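Enquirer:
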Amino acid sequence: MFVLAFLGKRVLAAAVTLLVTSFLVFSLLAASPGSPEQTLLGARQPTPELIAALRAQHRLDDPFPVRYWHWLSGVLELDFGRSVRSSREVVDILAERLDVTLWLGLYAFVLVLLVAVPAGLSAGIRRDTAWDRGVTVTALLGVSAPPFAVGLMLLSVFGVGLGWFPVFGAGSGFADRISHLTLPAVALAVAGVAIVARQTRAATMDVTAKDFITFAEARGLPRRVVLGRYALRNSALPVITSAGLVLAYSLTGAVLVESTFALPGLGSLLVESVSTKDIPVVQGLALLTAALVIGVNLIVDLCYLGLDPRVRHAGGV
Amino acid sequence: MLDVRDLTVHDGRSRVLVRGVSFRVGPGETVGLVGESGSGKSLTARALVSLLPQELRSGGSARLDDTELLGRKDLRGVRGHRVALLMQDPFTMLNPLATVGTHLVESLPGRADRVEVARRLAEVGIDDPAVAGRYPFQLSGGMRQRVALAAALAKDPGLLIADEPTTALDVTTQRDVLALLRRIQTERRMGLVLITHDLRVARQACDRVLVMYAGALVESARSADLDAPAHPYTAGLLRSVPSVTHRQPVLLGIPGSVPAAADVVDRCPFADRCGWAEPACTEHAPPLVDLGDRATACRRHGGIDLSPPELAEPDAEPVGDARATLLDVADLVKVYRSIGLRRTEHTALAGVSLHVGEGESLAVVGESGSGKTTLARAVLGLTDPTSGRITLGGLDVTSYRRLRSADRARARRLVQCVFQDPYSSLNPAHTVGYTLAESLRRRGEDLDVESEVDSLLDLVGLPASYAGRRPVALSGGQRQRVAIARALAVRPRLLVCDEPVAALDVSVQAQVLEVLRKANRELGIALLFITHDLAVARQVTDRMVVMHRGRIVEHGATADVLDAPTHPYTVRLVQSVPDAAPHTEGEAHVTQ
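In the order they appear, the protein sequences are chains A and B.
In this text, residue positions in the first sequence follow this note's numbering: the first is -4, and each later residue adds one.
In this text, residue positions in the second sequence follow this note's numbering: the first is 1041, and each later residue adds one.
1. Rounded to whole angstroms, what's the CA-CA distance from Asp1312(B) to Ala1550(B)? Just pull it up for me.
2. My output table needs one value for Thr1139(B): the three-state DSSP class, helix, strand or coil.
3. Is the CB of Leu2(A) under 8 Å away from at least one CB in chain B?
4. Using Cβ-Cβ distances below 9 Å, what residues of the region 1237 to 1258 of chain B are close to chain A?
5. Near Arg1112(B), which residues of its chain fall below 8 Å by C-beta distance, leaving aside the five closest residues on each side in sequence?
6. Is there a Cβ from chain B that is less than 8 Å from the Cβ of Asn292(A)?
7. Roughly how many whole angstroms lie between the Cα atoms of Asp1603(B) and Thr1285(B)?
8. Which word fits His1386(B), buried or exposed, when buried means at least 16 other C-beta atoms lie within 10 angstroms of its C-beta?
9. Using the beta-carbon count (16 or more within 10 Å), is Met148(A) buried or exposed?
10. Examine the ligand NAP and report whether any of its heavy atoms sits within less than 7 Å of the Cβ of Val1522(B).
11. Does the distance from the C-beta atom of Thr1471(B) to that of Val1522(B) stay below 8 Å?
12. Within its chain, find whatever has a CB closer than 6 Å to the CB of Thr1631(B); leave out the 5 residues flanking it on each side and keep chain order.
13. Ignore the nearest five residues each way along the sequence and tell me which others in Ala180(A)'s own chain have a CB closer than 8 Å to its CB.
14. Which full runs of the alpha helix (DSSP H) of 4+ residues lie inside the region 1452 to 1534 of chain B, going along the chain?
15. How is Thr1107(B) classed by DSSP in three states: helix, strand or coil?
16. Below 8 Å between beta carbons: does that hold for Pro141(A) and Gln194(A)?
17. Does any residue of chain A bring its CB to less than 8 Å from the CB of Gly1120(B)?
18. According to DSSP, is Phe1175(B) part of a helix, a strand, or is it coil?
19. Applying the 10 Å Cβ sphere with the 16-neighbour rule, what's the burial state of Asn1467(B)?
20. Would a C-beta distance cut-off of 8 Å place Ser17(A) and Val86(A) closer than the cut-off?
21. Just the Cα atoms here: how many angstroms apart are Val1249(B) and Gln1128(B)?
22. Quick one: does Ser1082(B) have its CB under 8 Å from some CB of chain A?
23. Which whole runs of the alpha helix (DSSP H) in the region 1064 to 1136 of chain B are 4 residues long or more, in chain order?
24. Under 8 Å, Cβ to Cβ, is there at least one residue of chain B near Gly137(A)?
25. Can you name the start and end residues of the alpha helix (DSSP H) that Lys1195(B) belongs to?
26. With a Cβ-Cβ cutoff of 8 Å, do Leu1331(B) and Ala1566(B) count as a contact?
27. For Tyr225(A), return the contacting residues in chain B, with the cut-off set at a CB-CB distance below 9 Å.
28. Note down, in chain order, each residue of its chain lying with its Cβ closer than 8 Å to the Cβ of Tyr63(A), except the 5 sequence neighbours on either side.
29. Are any of the Cβ atoms in chain B nearer than 8 Å to that of Asp303(A)?
30. Nearest-angstrom Cα distance between Ala1245(B) and Ala1188(B)?
31. Can you give the beta carbon distance from Val1437(B) to Ala1527(B), rounded, assuming they're within the 8 Å contact cut?
32. Is the Cβ-Cβ distance between Ile1570(B) and Thr1423(B) less than 8 Å?
33. Taking the continuous beta strand (DSSP E) assigned at Ser1587(B), which residues delimit it?
34. For His1324(B), does the count of other Cβ atoms within 10 angstroms reach 16, so buried, or fall short, so exposed?
35. Report the CB separation of Phe1177(B) from Arg305(A) in whole angstroms; it is logged as a contact under 8 Å.
36. For Thr199(A), tell me which candidate among Ala184(A), Ala231(A), Ala213(A) has the shortest Cα-Cα distance.
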C-alpha cells in the first residue's frame, strides 16, 4: 500500500517535471532570434506558399497557449514535427541516434560498476594501505582527465598503434558493435569510475566504523557475509545515488566522446542541430534528455525503496 | 575457564593503555569489570575478542580452556563460537537493513529454521515470533538489546563479554535486561564478564568485581566484600554514589580526574587523588597483592582505615513553603508533526502544568520519550509550544519569537541553561575566560570583568588560572563547571539543567552537583532539574514531578515521592534503581 503511494507520488512528480521542461522547450522556438517563420524555413526558398503552409502547420496565427497545447498533444503522440534540415520526422532521427547512445551509455555504465565498486570497496576496507592510496590517486587522475583526451590516447594506442579495436563508426550486430564501442565506452567511463569509486570508498569507510560491523565480526560471521550483507548493502545508498548521476551523464553527455570517435549518437546530433538552428530536432532532443534523466532518477528512487526498509516502512527519511 | 595473564594494550608508539591485567573467570561465574572512562575496561574486553581498533596491539596471554585468544591470526571457530561480545548501544549494534530473523539465521550454526529462531527469541524473553520479521528500527531499545543478545549467543559460546549492555537503556528496561543476562548465564552455566561504569550494577549482578583505574587493576573482591574496600579508589567510588534514600549533607566525590594510563606506568595510578598517599606510593607501581579472597594494588592496605566515614546526620529534607512563583507552566502541549510522504504526529507534551517558586529546585524525572527535554526546550524558548502558557517572572514567554526585543532580552537573562554534554556545549575556539567574559557583558552592568571571571571560577571550584585555558585542556567535569559558571554569569533567577551529570563519571559527578546545590541554596537561584537519575534528584531538589509519555503522573516533595511513591509508574522507577546491596543468589554468598 505504502509502496504504491510512494511510486504514485514519484511518477506524478516526474510527469510534472517533464511538463515544465516541455514548456521551456517549446518556448525555445518563440525565444530564438528572428521570426518563427525564418527559423522554420531554414535554408529553404521563402515562397509565399511555403510560409503559409508553415504558418498553418505550426498554427502561428493562434495565441501562444493554444500553440503550446497543440504542440504538446502532438508530442504525446510522439510527433515532434519535421527536421528543418532534412524534412524527416524528428522522431525517426532521434530513434536512429538513440540506438547508438543507449549502447554506448549502458556499456560505459556497466564498466563503471564493474570497476568502481570493487575498487572503492576494497580501498575503503584496507584504509591507508598502498592499495587504498593507489585507488585514491588513480581516481583523482580519472576525475581530472578530459574524456576527449582519454579518447584520443586510447585511439592512438589501441586503435592505431596496436590495431585491436576499430577507430570509428558504431558497427552492426552485437559482437561488432561491442568491438566498435569498447574504446568510446572506456573513454566515457573513466570519469564515472573515478567518481563512483571515491563515493564507494567513502561510504565503505563510514560503514566499517559502525558498531554493527564490529558486532557482526564478534559473532564470528564469515567475511563474505560481513562484507556483502553488512558493508556493501549499507554503503549502497550513496553509491547508487552517484551511480545514477553517472548513468544520466553517460546517456546524455557523451558529446565529446561521440565526436572523438565519429559516432552517430545523440550528442553529435545535438551539436549538428544547434549549429544549423534545427529547432524541432533540438526540442525533441531536449525533451528526450530530460526524460532520460528523470527516468534514471526514478530508477534510483526505486532502488532506495528496495534496499532500505526504513524508506519502505517509514515513508521518507 | 578463562585465564587472563598480564594482558597489555598499547598503541603503535607503544604508549600503554592497559597494563598487566590478570584475572580468571570460571564456568557459570559472573565477573564485573568496573571502571570510569579511560580505565581501559572496554579495551580489555575488545582485546579478548581480537577486535581492538586497527592501530592498537595487545600483549600477554588470555587462555580460554586450551585456546589462546590473543594474537591469533585465524579466529574461525573461536569468535562467536567460544567467546562472544555484546556491545553497549542497541541502536547501532544491529544491521539496519536486515530483519531480526536474518540476524539470527546468519549467526546460528548450520541450517536454522523458523522454529529454531522462535526458540532463540523465546530464550531472551521475546515470545512473539512475529518479531523475527521486524527490522531493528521498528523495535525499542530493550527489544533490540534482547535480539542482540540472542544473536551473540547463537553459536552457544562458553563465555560472554558484555560491554556496558544496559547503559544506553532506560532504568526500568535496564533492570529487566540485567535479570535476563543473569538468568541465561545461570541456565547455560556460561562465564560472563560484565563491563560497567556503575558499581551498583556490578555489585548487584556479579559474583566478583574487578576495579580498574587508569589502565590497571586496583582491586578484586567478592561482591559481598565490597562494603569493606581494600583500595582507596574503590572506597572513593563507593562514597561517590549518591543515595536515593536520604539527602546527604555533603556530596563526596574524588578530587581531580583520571590520568592517562601511559602517564602513571611506574607509580600508583591513584596516588595523586588519594588521601592516604605517601612519597613511597609514587616510587614504583604497586603490584596486585593476593589476600586470599581478594586482591588489592594498594601498598598501604591494612595500614589505613577505608571504612566509610560515619554517616553524618542526613540533611533535613526541605519542607515546601509558599514562595513567590517564578516560573508557571500551564497546560503545555507540544505536538511534533512530520512533513513527508507519510504524515505522523507525535505528542511530546500532553498538557503539562507546573510551577517553580523563587529559589526553589524542582526535579523533572522520567525516561527517554517522557517529554522532559521538550519541556526544558519550551521553557528556554528553543521551541514554540502548540498550546498552553509559560510565564516567567511575570512575563508571558510562551513564544519568545513574539516578544518585543527588550522583553526577550530580559527573559533570556532570567533563565539560563546547562546541557548534558559538556564536550559540545563550550566553543572550543574560545578560552574559558573569554567565554565567561562574553556572558558577563550580557549582564549589562558596569563591572570589572576580570575580577568577576575569577570569582565565577572560584564559585564553581576552579582555580583562577583556568581562565587562560581552552576547553580541550579540561576534563568533562571541569568543562561542566565552566558551563555552569557561564550560565551563572548573567545572574539568572532560573537555571534549567538538562541531565547535567549524565555524561560524567561518578567520581566527578559530586563536584558538579555540589556547585549546583550551592547556586541554589546560597545564591537563591531556582533550578529546573531534568534527570533520569532519582538519586541525583534526591540530592539536589526540593520538589519533584514524574513525567511519563508527555504527562505528569506524580508530583510532590522529593522525599515524599521517593519514599512513598503512589503512581504505579513511579513505583516501578523507584524499584529499578540498582540498590547498593549485593545480590544474594549464588554459592559465593551463602555465608552471608
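Glycine included, every Cβ here is placed at the ideal spot set by N, Cα and C.
Predicted model only: the values in this text are computed from it and were never measured.
Expert: Quick look at the numbers:
1. What you label residue 1312(B) is simply residue 272 of the second sequence in a count that begins at 1. What you label residue 1550(B) is simply residue 510 of the second sequence in a count that begins at 1. Each residue's Cα considered, the two are about 18 Å apart.
2. Here the question's residue 1139(B) lines up with position 99 in the second sequence. Of the three classes helix, strand and coil, the one that applies to Thr1139(B) here is coil, per DSSP.
3. On the first sequence, position 7 is the one that residue 2(A) refers to. With 8 Å as the cut-off, Leu2(A) does not count as an interface residue toward chain B.
4. none
5. Position 72 of the second sequence, counted from the first residue, corresponds to residue 1112(B). Only Ser1090, Val1118 meet the Cβ criterion.
6. Position 297 of the first sequence, counted from the first residue, corresponds to residue 292(A). No, Asn292(A) lies away from the interface with chain B (no Cβ there is under 8 Å from its Cβ).
7. By 1-based counting over the second sequence, the position of residue 1603(B) is 563. By 1-based counting over the second sequence, the position of residue 1285(B) is 245. Those two C-alpha atoms are separated by around 7 Å.
8. Reading the second sequence from its first residue, position 346 is the one you call residue 1386(B). Exposed: under 16 other Cβ atoms inside 10 Å.
9. Taking the first sequence and counting its residues from 1, one reaches residue 148(A) at position 153. Label assigned to Met148(A): exposed.
10. The ligand NAP is not part of the structure shown, which contains no ligands of any sort.
11. Counted from its first residue, the second sequence places residue 1471(B) at position 431. Counted from its first residue, the second sequence places residue 1522(B) at position 482. No. Outside cutoff.
12. By one-based count along the second sequence, residue 1631(B) stands at place 591. Low confidence applies to Thr1631(B): its pLDDT is 29, below 50, so where it sits in the model is not reliable, and the reading given next is rough at best. Excluding sequence neighbours, Thr1631(B) sits near nothing in its chain.
13. Translated into positions along the first sequence, residue 180(A) becomes position 185. Once the five neighbours on either side are set aside, the close Cβ partners of Ala180(A) are Leu99, Tyr102, Ala103, Leu106.
14. 1472 to 1482, 1489 to 1499, 1516 to 1529
15. Taking the second sequence and counting its residues from 1, one reaches residue 1107(B) at position 67. In the structure shown, Thr1107(B) sits in a strand (DSSP, three-state: E or B).
16. For this step, residue 141(A) is matched to residue 146 along the first sequence. For this step, residue 194(A) is matched to residue 199 along the first sequence. Taking 8 Å as the Cβ cut-off, Pro141(A) and Gln194(A) do not qualify as a contacting pair.
17. Translated into the one-based positions of the second sequence, residue 1120(B) becomes position 80. So yes, Gly1120(B) belongs to the interface.
18. Position 135 of the second sequence, counting from 1, holds the residue named residue 1175(B). Checking the displayed sequence, the identity of residue 1175(B) turns out to be Tyr instead of Phe. DSSP places Tyr1175(B) in coil when its eight states are reduced to three.
19. The residue you call residue 1467(B) lines up with position 427 of the second sequence. Asn1467(B) comes out exposed.
20. As a first step, residue 17(A) is located in the first sequence; it is residue number 22 there, counting from the start. As a first step, residue 86(A) is located in the first sequence; it is residue number 91 there, counting from the start. No, these two residues do not count as a Cβ contact at 8 Å.
21. Residue 1249(B) sits at position 209 when you count from the first residue of the second sequence. Residue 1128(B) sits at position 88 when you count from the first residue of the second sequence. Val1249(B) and Gln1128(B): Cα-Cα distance of roughly 19 Å.
22. Along the second sequence, read from residue 1 onward, the residue named residue 1082(B) stands at position 42. No, Ser1082(B) does not count as interfacial toward chain A.
23. 1081 to 1088
24. On the first sequence, position 142 is the one that residue 137(A) refers to. For Gly137(A), the answer is no, since every Cβ of chain B falls outside 8 Å of its Cβ.
25. The sequence position of residue 1195(B) within the second sequence is 155, counting from 1. First-last for Lys1195(B): undefined, no H or E at that position.
26. The residue labelled residue 1331(B) in the question sits at position 291 within the second sequence. The residue labelled residue 1566(B) in the question sits at position 526 within the second sequence. Contact flag unset, no.
27. For the purposes of this step, residue 225(A) is taken as the residue at position 230 of the first sequence. Going along chain B in sequence order, the residues near Tyr225(A) (Cβ under 9 Å) are Asn1135, Leu1137, Ala1138.
28. As a working mapping, residue 63(A) is identified with position 68 in the first sequence. Closer than 8 Å at the Cβ level, and outside the excluded window around Tyr63(A), lie Phe18, Phe21.
29. Taking the first residue of the first sequence as position 1, residue 303(A) is located at position 308. Closer than 8 Å to some Cβ of chain B, the Cβ of Asp303(A) qualifies, so yes.
30. Looking up residue 1245(B) in the second sequence gives position 205. Looking up residue 1188(B) in the second sequence gives position 148. Those two C-alpha atoms are separated by around 19 Å.
31. Mapped onto the second sequence, residue 1437(B) falls at position 397. Mapped onto the second sequence, residue 1527(B) falls at position 487. Actually they are not in contact, since the Cβ atoms of Val1437(B) and Ala1527(B) sit about 17 Å apart, beyond 8 Å.
32. In the second sequence, the residue the question calls residue 1570(B) occupies position 530. In the second sequence, the residue the question calls residue 1423(B) occupies position 383. The answer is no: Cβ separation not under 8 Å.
33. Working through the second sequence from its first residue, we reach residue 1587(B) at position 547. Looking at the sequence shown, residue 1587(B) is not Ser but Met. First-last of the beta strand (DSSP E) with Met1587(B): 1583 to 1588.
34. For the purposes of this step, residue 1324(B) is taken as residue 284 along the second sequence, with counting starting at 1. His1324(B) should be labelled exposed.
35. Reading the second sequence from its first residue, position 137 is the one you call residue 1177(B). Reading the first sequence from its first residue, position 310 is the one you call residue 305(A). Contact flag correct, Cβ pair sits at about 6 Å.
36. On the first sequence, position 204 is the one that residue 199(A) refers to. Checked all of Ala184(A), Ala231(A), Ala213(A); the closest Cα to Thr199(A) is Ala231(A).
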